[in-house]
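Everything on this sheet refers to the single structure shown next.
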Amino acid sequence: MAVDATLALIGSGDPARFDMLHFASTSAPYLEKQVAAVVATACDLPRQVAVADFGGSLRAGVSALRLALDAVSAGTSRGAVVVAADVRQAEPGSDLEPQLGDGACAVAVGREGVVAELLGRGSVAEEFTWLWRTDDQRYVQLADARFAATYAFARDVPEAVGAALQRVDIAPSQVAKLALAAPDPRAAADAARRIGCSPHTLVPALAAEAGMLGTPEPLVLLSRALETAAPGDIIVVAGFGEGAEALVFRATVALATARPVPAAERLAGGLPLASYAHWLRSRRILPLDVAGETVPPYIAWKELKQDLRLYGSRCTACGLVQYPQARVCQGCGAREQLVDHKLAKTGTVFTFTLDNLAQVPEHPMPMVVVDLDGGGRLYLQGTDCGEGEIDVGARVVLTLRRLHEAGGNRNYFWKARPAS
Amino acid sequence: MKDQVAIVGVGCTKFGERYERSYEDLICDAAFAAYADAGIDPADIQAGYLGTYLPGPGGGKSATSLADALRLYGRPITRVENYCATGTDAVRNACLAIASGAYNVVLVVGAEKLKDRGGRGIPRLGHPLLARGNTAPGLFALAANRYMHTFGVGRETLAKVAVKNHWNGARNDKAHLRSEITVDQVLAAPLIAHPFGLFDCCPTTDGAAAAILCRRELAPRLSRRPPILVKAATLAVETGKPYFDPTFDYLGFRSTQKAAQAAYAMAGIQPGDIDFAEVHDCFTWTEISNIEDLGFCEKGSGWRWVEEGRTALHGDRPINPSGGLKSFGHPIGASGVRMVYECVVQLRGEAGERQVRSPRLGLAHNVGGPGAVAGVVVLGNA
Chain A
47 MAVDATLALI
57 GSGDPARFDM
67 LHFASTSAPY
77 LEKQVAAVVA
87 TACDLPRQVA
97 VADFGGSLRA
107 GVSALRLALD
117 AVSAGTSRGA
127 VVVAADVRQA
137 EPGSDLEPQL
147 GDGACAVAVG
157 REGVVAELLG
167 RGSVAEEFTW
177 LWRTDDQRYV
187 QLADARFAAT
197 YAFARDVPEA
207 VGAALQRVDI
217 APSQVAKLAL
227 AAPDPRAAAD
237 AARRIGCSPH
247 TLVPALAAEA
257 GMLGTPEPLV
267 LLSRALETAA
277 PGDIIVVAGF
287 GEGAEALVFR
297 ATVALATARP
307 VPAAERLAGG
317 LPLASYAHWL
327 RSRRILPLDV
337 AGETVPPYIA
347 WKELKQDLRL
357 YGSRCTACGL
367 VQYPQARVCQ
377 GCGAREQLVD
387 HKLAKTGTVF
397 TFTLDNLAQV
407 PEHPMPMVVV
417 DLDGGGRLYL
427 QGTDCGEGEI
437 DVGARVVLTL
447 RRLHEAGGNR
457 NYFWKARPAS
Chain B
-2 MKDQVAIVGV
8 GCTKFGERYE
18 RSYEDLICDA
28 AFAAYADAGI
38 DPADIQAGYL
48 GTYLPGPGGG
58 KSATSLADAL
68 RLYGRPITRV
78 ENYCATGTDA
88 VRNACLAIAS
98 GAYNVVLVVG
108 AEKLKDRGGR
118 GIPRLGHPLL
128 ARGNTAPGLF
138 ALAANRYMHT
148 FGVGRETLAK
158 VAVKNHWNGA
168 RNDKAHLRSE
178 ITVDQVLAAP
188 LIAHPFGLFD
198 CCPTTDGAAA
208 AILCRRELAP
218 RLSRRPPILV
228 KAATLAVETG
238 KPYFDPTFDY
248 LGFRSTQKAA
258 QAAYAMAGIQ
268 PGDIDFAEVH
278 DCFTWTEISN
288 IEDLGFCEKG
298 SGWRWVEEGR
308 TALHGDRPIN
318 PSGGLKSFGH
328 PIGASGVRMV
338 YECVVQLRGE
348 AGERQVRSPR
358 LGLAHNVGGP
368 GAVAGVVVLG
378 NA
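Just so you know, the sequences run in chain order A and B.
In this text, residue positions in the first sequence follow the numbering used here: the first is 47, and each later residue adds one.
In this text, residue positions in the second sequence follow the numbering used here: the first is -2, and each later residue adds one.
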C-alpha cells in the first residue's frame, strides 16, 4: 500500500526530485529491516536518499511529516516523501476487529508547488494506555475506548492544538478545517468544542467506510481537507497516541489547481470477499502454504533494477522494449546494444487464465500476459479481481505485493489489478 | 537421414498410476518388450538414448539411469531432456547417431515416473519471482483463451477432442484412461485453468516405451520384423519465455511449424501425404493448434476439422488413433517414444480395433516448454 500510494503521488513526475523518504506504520512487515528503503527502491527513488522508518504510535505519521517539513525548511532536504501505511488486525471475531481498517497515504514535502504551507506545531507526550501491541503480540490490544476518549484524547488533543495555534497567533475561530484522527466521532466533536472550534469544521473520518486506519489517518484527513479547502484556509491536523501532535497549515492559491484525488474515489474500488475464511487467509491468520522458492540474496541484489524498480531493456538498434533485461535483442538479435528502460505500470491484457491448480491461497488465481503502455510484455499474477474483470483487452495497473514467503522472508513482486 | 534408419522393434508398458513398478522396472518392461519384438540380443546394442524429464528418487539423471536398469555398461549412453519434446528428441539423436555411421544398433527408451513425487501436476521450476504462479495447464490456457477469443471458438469444440481421444483410448489396453466420455461430462468437469476443465487436461501418469533402431541395410539380418523406416526426425527451438515476447500472437507454436516444415523437407513430402498422426494433445486446445501448426490445415480452421469429424479414427486424417496424451497421460520423457511405438504398430497393420486404413506414412509430434521446443518424427513402410 505504501508503494501504491507513493507511486500515485509521484505519478509521471521524476522520482529523483525526492532525496528523503519517511515511512510510518504500527504494523510494518519487518521489525528489523528498513521498510523505507524497500519503498524507495520500488518507487525508483535515487540511491542517494535519506530514509527513516517511524513507528510505535498512531501519531507516528504526523511525527514523520513534522520532521520532513523541518528538514526541507532547514534546507537539509530538497524534497521528501512521507508515507504512512497500516494493516490493523485485532483478535479475529472480536468487537474491535471490524472497527479497524487498512490504508496508506503519501505526502510530498518541498518548496515548489506548495498547496499547504506549514505555520506551526504543538506536541504533548505522556504515557497513557489505550491501544498497544507488544513485540510478541499479533493482534492490537485495547484497554478502554471510552476511558481513553474522555481522559486522554479530550485533554491531549486540545492542549497540543491550542499550543500550536497560540504560538502562531491564530484564534480557534479562524480555523476552517480540523483534521482530527479520533477514537470515535463523539470524541472528535467534543475535542473540537474544547479547542474552541465548531464541530462543523471537523473533516469527516472514514470510520464507517474503511475503519480506523492508524498512522495514515491524520494524513488521509489532511488530504480530505485539501479536497475542498479554499486558498487561505487554516487547516489543523492532529494525531493522537500517548499524547497528541498537531500541525497548523494554511492552504495556498496553488491548491485550486492541484487538488488531491478524492478519498471517496479510493473507497469506490472495493471488492467484496466471498468469505471470512478468505479474509483470514489473506491476513495470514489461517496458515497459508504459498508455493515459492527461496530468493537467494545474490539473485535479489543482482536483479534489483529489473525485479523491484521494474526496468526492462530497449534495443538501440531496433527500438524494441523487452523484459526481462537482455544483452541480445529479442527482436533483431543485436548484441550489447540494449539500454535500461523503465517500464510503465499500466497496460492492457493480451491474454489470461484463471488457474485453480496454482499453489496460492485463493482460487481461481488470475495469471495475465500484459502489454505495458510504451512497450514491454509482462506475465504475472493478477489480484483484487472481481468476476469477469480480467479478460482479453482489460486495462490493468501494476501493484507491488507479497508474492510468497519462501525462505522465511517477505518476497515482493508486481501483480496486475484491474484499472477501474 | 531419410531412409537410412530402420526401427526393428518396439515396446511399451501400460501407462497409468504404476506405484507397484519402480522407474527401473518400467525401463525394463519397455526395453525387454522391444528386445523380444525385434528378436535381438541386448549384447548387440552399441549405444543408448534415455529420455526422462524429471529425475526422481528412483533415477532419471545421467546415462547411468539406463545403464544400471538394463546392465548396459561400456556403451555410450546419453540422457536427453528437452521439456515435452524429450521423447522425440531422444529418437532424433539415435537416428543422427546411426546416420552418421558411428553405430549400427541403438536403443531408445523414454521413461517417466511422475506419480512417485505426490502432489498435483508437475512441480514448477524456474525463477523465484518471475512468472511465479504458472502451471502447465495455465500456460497453455493463455493460448487457448487468445485463440478462442480470436476465432470465436467455444469450450464445446474443445470437448469434442477429448471425447474422440477417449473413444480411441477405450480400445487401447495400454492407455491410462479407458472410458468413453461425452461432451456434457467434459463441460461439467471442475475447472482446472480456464478454459480447461479436468477432461480438457491429460492425466498425470507413469509409463515407458522403447525402440530398437538400426542401419537400414542391417534390418533383415537383425530382426524378423518388417522394418519401419525413419523418413525424418527434426527438432525446432523457440523462446522458452513466450509470455515475455511482445511479438508472440498466442495462436499456435512456431516451434511445431518449423519442426514440421523441416521434417517434410527431409522426407521429401507434403503435409497432405501424412496418413495419420500422433500429436501432442497435452490439452484439448493443443491438438487443434497442432494440426494447424503441422500444416494439415490453415491456422484458425483446425477446430472445424474437429467439428466435422475429420480427425476421428475413421475420418480422413486420423489424429491420435492411440487415444493420445488424453488417454495415455503424459509421462513426459516417454510420450514421444510411445507415439513412435503407435506409429510402428499402425504401419505394421497390427493395431486391431484401432487400425487406420492402409497407412503408408505416420507422424509423431511433441511440443513443450510450452511452445519452446517441438520434435517431429515421420515414419513409413519400406
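Where a beta carbon is used, it is the ideal one built from N, C-alpha and C, also for glycine.
The DSSP-derived three-state label of SER103 (chain A) is coil. Under the 10 Å beta carbon count, ALA465 (chain A) is surrounded by fewer than 16 other beta carbons and is classified as exposed.
Pairwise C-beta distances place the stretch 163 to 176 of chain A in contact with the stretch 288 to 298 of chain A, as three or more of them are shorter than 8 Å.
Note on geometry: alpha-carbon atoms of LYS110 (chain B) and ALA31 (chain B) lie some 19 Å from one another. Ranked by how close their Cα comes to the Cα of PHE245 (chain B), the residues A:ALA200, A:LEU389, A:GLY377 have A:GLY377 in first place.
TYR338 (chain B): member of the alpha helix (DSSP H) spanning 329 to 344, first to last residue. Look at THR340 (chain A) here: in three-state DSSP terms it is coil, with no helix or strand label. Here ILE24 (chain B) is not near LEU104 (chain B), since their CB atoms are 8 Å or more apart. At a cut-off of 8 Å, the C-beta of GLU451 (chain A) has no neighbouring C-beta in chain B. If you compare the alpha carbons of B:ILE37, B:TYR144, B:ASN162 with that of VAL102 (chain B), the shortest gap goes to B:ILE37.
Looking at the DSSP output, TRP302 (chain B) sits in no beta bridge, so it has no partner there. Assignment of MET66 (chain A) by DSSP, reduced to helix, strand and coil, places it in the strand class. Against chain B, a Cβ distance below 7 Å from TYR425 (chain A) picks out ALA128, TYR240, PHE241. One Cα belongs to ALA190 (chain B), the other to TYR197 (chain A), and the distance between them is close to 57 Å.
For the pair PHE29 (chain B) and GLY48 (chain B), the CB atoms are not nearer than the 8 Å cut-off. GLY422 (chain A) belongs to the set of residues whose beta carbon lies under 8 Å from a beta carbon in chain B. Below the 7 Å Cβ cutoff, chain A contributes THR399 as neighbours of ALA138 (chain B), in chain order.
For the stretch 343 to 367 of chain B, no residue has a beta-carbon sitting nearer than 8 Å to a beta-carbon of chain A. The Cβ atoms of ASP197 (chain B) and LEU155 (chain B) sit closer than 8 Å to each other. Among the CB atoms of chain B, one or more fall inside 8 Å of the CB of PRO410 (chain A). In this structure, the alpha-carbon of PRO134 (chain B) lies about 27 Å from that of GLN258 (chain B).
Taking SER355 (chain B) as the centre and dropping the five residues before and after it, the same chain places the C-beta of ASP272 closer than 8 Å to its C-beta, in chain order.
Short of 6 Å from the beta carbon of ASP86 (chain B), and not among the five residues preceding or following it, lie these beta carbons of its own chain, in chain order: VAL77, ASN79, LEU232, GLY372.
Interface residue (Cβ-Cβ distance to chain B less than 8 Å): PRO464 (chain A) is not classified as such. Closest in alpha carbon position to LEU53 (chain A), among A:ALA86, A:PRO370, A:ALA210, A:MET66, is A:ALA86.
The contact set of PRO200 (chain B) on chain A, defined by CB atoms closer than 9 Å, is empty, because the minimum CB distance reaches about 13 Å. A residue is called buried once 16 or more other Cβ atoms fall within 10 Å of its Cβ, and LEU139 (chain B) is buried on that count.
For the stretch 328 to 350 of chain A, the set of positions with a beta-carbon nearer than 9 Å to some beta-carbon of chain B reads ALA337, GLY338, GLU339, THR340, VAL341, PRO342, ILE345, ALA346, GLU349 in chain order. If you draw a straight line from the Cα of ARG373 (chain A) to the Cα of GLY421 (chain A), it comes to about 17 Å.
The straight-line gap separating the alpha-carbon atoms of LEU219 (chain B) and ALA35 (chain B) is approximately 8 Å. In this structure, ALA130 (chain A) lies away from LEU224 (chain A), with their beta-carbon atoms at least 8 Å apart. Judged by DSSP secondary structure, ARG240 (chain A) falls within the alpha helix (DSSP H) whose first and last residues are 231 to 241.
Under a 10 Å Cβ-count criterion, TRP300 (chain B) is classified as buried, with 16 or more other Cβ atoms of the shown protein chains found around its own Cβ. Looking at the DSSP output, ASN378 (chain B) shares a beta bridge with B:ILE225. In this structure, the straight-line span from the alpha carbon of GLU153 (chain B) to that of ILE42 (chain B) is close to 48 Å.
Scanning its chain for C-beta atoms nearer than 7 Å, with the 5 sequence neighbours on each side dropped, one finds around GLY439 (chain A) the residues THR394, VAL395, in chain order.
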